[in-house]
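Before any comments, here is the structure.
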């Protein structure tokens with residue numbers, strides 16, 4: 001378990017995004033009735049004076065335990081958090097909707113690059 005220590009840093013093991021986090025878990029402090037669907041690395045929203053506002057930085061992959069950010073190039077949440085490396089490795093075990101969505105995303109990123 002992670003403690004609420006502002007000196008701790010969350011780092012995505014895929015893209016390298018790095019940020020201090022203030023909480024790890026499912027119930028961020030100073031929030032009324034919010035329970036997250038997974039244990040997340042959370043930080044206070046630096047753009048809001050409201051203490052209840054927070055940003056979810058990332059979580060750990062439920063398969064390989066890598067720390068990954070919530071960016072769509074790094075992870076996918078489908079009942080649990082999966083890093084994109086595990087998603088690609090086990091793509092055939094995900095529902096067809098997810099497979100189709102990822103195929104569409106790959107197509108659009110290929111056309112955007114060319």
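In UniProt numbering, the protein residues as written are 1 to 114. Glycine included, C-beta positions come from ideal geometry on N, C-alpha and C.
Alpha carbon of residue i to alpha carbon of residue j, nearest angstrom
i: residue 21; j: residue 56; result: 9 Å
i: residue 99; j: residue 58; result: 22 Å
i: residue 19; j: residue 102; result: 27 Å
i: residue 28; j: residue 62; result: 20 Å
i: residue 109; j: residue 36; result: 30 Å
Residue from the options whose Cα sits closest to the Cα of residue i
i: residue 51; options: 59, 76, 42; result: 42
i: residue 8; options: 75, 94, 32, 24; result: 24
is_contact[residue i, chain C] using C-beta, thresh 8 Å
i: residue 66; result: Among the protein chains of the structure shown there is no chain C, as only one such chain exists.
Inter-residue CB distance, residue i and residue j (contact presumed, cutoff 8 Å)
i: residue 80; j: residue 38; result: 7 Å
i: residue 87; j: residue 12; result: Between residue 12 and residue 87 the Cβ distance is about 15 Å, and since that is not below 8 Å, they are no contact.
i: residue 31; j: residue 47; result: Going by Cβ atoms, the distance from residue 31 to residue 47 rounds to 17 Å, so no, they are not a contact pair.
Contact under 8 Å by Cβ, residue i with residue j
i: residue 92; j: residue 84; result: no
Ranges of the alpha helix (DSSP H) found wholly within the UniProt domain "Cysteine-rich DPF motif" (10 to 102), counting only runs of at least 4: Segments of the alpha helix (DSSP H) lying fully in the UniProt domain "Cysteine-rich DPF motif" (10 to 102): 84 to 89.
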